[in-house]
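A.B. asks: Numbering (the working numbering), first residue to last: 323 to 429.
For glycine and all other residues, C-beta sits at the position ideal for the given N, C-alpha and C.
The model shown is predicted, which means the values in this text are computed figures rather than measured ones.
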């Protein structure tokens with residue numbers, strides 16, 4: 323019983339921590355990433371609760387379509403953001419992640 327309660331609390335924490343606030347439709351990829359992704363993947367894409375996305379990470383070689391699908395539908399313990407973000411915001415996040423990977427010597 324206690325284990326189920328702890329698991330529920332942990333789940334709620336993850337969903338809350340990885341859920342960002344509302345942004346205007348014209349928010350930049352960096353703004354969207356900061357609001358919805360950084361709490362789990364790190365401000366610098368270095369990881370934390372969620373995996374690293376930056377240079378040298380396991381997901382650098384994944385396709386943009388993989389990133390989009392994962393953001394929209396979730397994967398593993400990552401929640402889906404398809405109902406929270408527009409297609410354009412998702413595209414901007416992917417572009418921002420790719421930009422950081424490229425300017426940091428990755429991807």
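1. Inspect the beta-carbon positions of residue 357 and residue 364 and report whether they are closer than 9 Å.
2. Should residue 376 and residue 370 be called a contact, given that it needs their Cβ atoms to be closer than 9 Å?
3. Give me the DSSP bridge partner(s) of residue 397.
4. Could you tell me the alpha carbon to alpha carbon distance between residue 421 and residue 372, rounded to whole angstroms?
5. Taking Cβ to Cβ, would you say residue 344 is nearer than 9 Å to residue 406?
6. Determine the closest residue to residue 394 out of 381, 409, 385, 350, with distance taken between C-alpha atoms.
7. Excluding the five sequence neighbours on either side, which residues of its own chain have a C-beta within less than 7 Å of the C-beta of residue 333, listed in chain order?
8. Among 349, 386, 362, 347, whose alpha-carbon lies nearest the alpha-carbon of residue 423?
C.D. replies: This is what the structure holds:
1. no
2. no
3. 400
4. 19 Å
5. yes
6. 409
7. Any reading at residue 333 is ruled out, since the residue's pLDDT is 46, under 50, leaving its predicted position unreliable.
8. 386
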